[in-house]
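Structure first, commentary second.
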Amino acid sequence: MSVKVVKFGGSSLADAGQIKKAAAIIKSDADRRYVVPSAPGKRFSDDIKVTDMLYAAYEKAALGEDFTADFDNIKKRYNDIIADLGLDLSLDKQFEQIKNNLAHAGREYAASRGEYLNGIVIAAYLGYTFIDAADVIVFSDEGVMQRHETVAKLRERLANEEHAVIPGFYGKSVSGVVRTFSRGGSDVTGSLVARAVHASVYENWTDVSGILVADPRVVADPIVIPVITYKELRELSYMGFSVLHEDAIFPVRTAGIPINIRNTNAPEDDGTMIVPDSDTGDDAALRTLTGIAGKKGFCAINMEKGMMNSEIGFVRDVLNVFADLGINVEHMPSGIDTLSIIADAASLEGKQEQLLSELRKAVEPDHLEIEPDIALLAVVGRGMRKTRGTAARIFAALAHGRINVKMIDQGSSELNVIVGVNEHDLHQAIRCIYDAFISSTLN
Ligand code: ASP
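Taken in order, the sequence shown gives residues 1195 to 1637; the numbers are from this note's numbering.
Structure below.
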């Protein structure tokens, strides 16, 4: 029998109505045996997530200020859920203990209680075993999650549990202190549980029907990506797609377990499948373009020198200057006598003059300048490898939109084309490419 691990995000568990939807989803498939909940999230747009309420209560407690009202609001969130679910459950003992510990057990302990309490409620509602994540998710004393130990503990603990709820976001350090992942870290817990039980799929339930081809703030009503590989996702995430917590990828990716992003409010939608690179069963129907992402905040350091191409060691000397100043090189497009380095503008702050003078010393360029306000656009798609004319389509679309292209970089994997444009052209560039590759095929 295959096993599915299901993680529900905060908006999927924000109140009793949402929890009922999640429970119906869980119970509709016998393979959905292990559940990883987040803390209750926002019920409406200006609502406050329980995790944020806990951080705020902790700040007051740590300063010795009165946090009773804040804590009462948190209690009310859970008590309303319990009442609306019709559960015979009291969290009074836990509330008392958390309140007493709040000031001294640390900020991460405080934040973790959102998932802890929600886990107890959801386990009671489903009739599943509650497993405290502190007993199975292991952190070092420095706060780094210990993957091998964690997976081994989870595997052992879950071996005889038919069904269980393991709250997301936190664990315990070797010396017994509750630690959390960074924000959004319940995704990581879900991934670890999936890895531990050799899940056939890790379902990540949220409030959108999958990963969109482009940012909906830039493109109106973008379509959902049905299947994306881990490599493609990495390219898009690097350029600003925020889908999952970054650390959630590794545990499942290395075990070849797919992730399915699903919508709790529209469970009939298939969502997006994130699959290992070798496992794209949809290739017949594959679009050339999987996704488009863009990011502002880069600059180009442009160098020109006659006969640069025959000067052995030129590029090495340039890169040494960047390395010595601790500036990360993002891309390096070159011509015969020109070389540009694209770097994150923030990493150059306060170092510009020094960078220019070190470069002059190291390679004596004829011309050297820093060009600010560059945005990078990643056009990603595993289908590019098989399709001729993709580059022509991209640049025709940009030319049509009167967008000046400053740089082009195609990785050897032929998985993506990176294009540098002026920051103020970025959104228009994304729209042009979306129209050329997607809108045109929908009409
Ligand atoms: N509740 C935590 C947060 O708001 C963790 C999570 O939801 O994944 O960041």
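Ideal Cβ placement from N, Cα and C applies to all residues, glycine included.
Computed from a predicted structure; not experimentally measured.
Bounds of the alpha helix (DSSP H) holding Val1315 are 1301 to 1320.
In this structure, DSSP gives Met1247 a helical state, which the three-state scheme calls helix. Between the alpha carbons of Ala1591 and Met1339 lies a gap of roughly 45 Å.
In the structure shown, the three-state DSSP call for Asp1274 is helix. Per DSSP, Thr1383 is one residue of the alpha helix (DSSP H) stretching across 1380 to 1390. Checking the DSSP bridge columns, you'll see Arg1587 has no partner listed.
For Tyr1322, the closest of Val1402, Ser1633, Glu1355, Ile1530 by C-alpha to C-alpha distance is Glu1355. Between Cys1493 and Ile1564 a beta carbon distance of about 6 Å is seen, short of the 8 Å cut, so the two are scored as contacting.
Look at the region 1412 to 1469 and you find these whole runs of alpha helix (DSSP H), each 4 residues long or longer: 1424 to 1432, 1443 to 1447. Taking the C-beta atoms as reference points, Val1407 is found no nearer than 7 Å to Gly1465. Taking C-alpha positions only, Leu1533 is separated from Gly1507 by approximately 13 Å. Around the beta carbon of Asp1260, a 10 Å sphere encloses fewer than 16 other beta carbons of the protein chains shown; the residue is thus reported as exposed. Phe1333 has its CB no nearer than 6 Å to any heavy atom of the ligand ASP. Nearest C-alpha to Glu1429 among Gly1204, Ala1585, Arg1576, Val1345: Arg1576.
Sequence-distant Cβ neighbours of Val1412 in its own chain, meaning closer than 7 Å and more than five residues away, are His1621, Ile1624, Arg1625.
Ranked by Cα distance from Met1601, the options Ser1633, Ser1239, Phe1589 are led by Phe1589.
With contacts defined by Cβ atoms closer than 7 Å, Val1229 and Gly1384 do not form a contacting pair. Judged by beta-carbon spacing, Leu1248 lies beyond the 7 Å limit of Ala1327, meaning their Cβ atoms are not closer than that value. Between Val1469 and Pro1445, the C-beta gap is not smaller than 7 Å, which leaves the two residues out of contact. Under the Cβ criterion (8 Å, minimum of three pairs), the region 1250 to 1264 does not count as touching the region 1209 to 1225.
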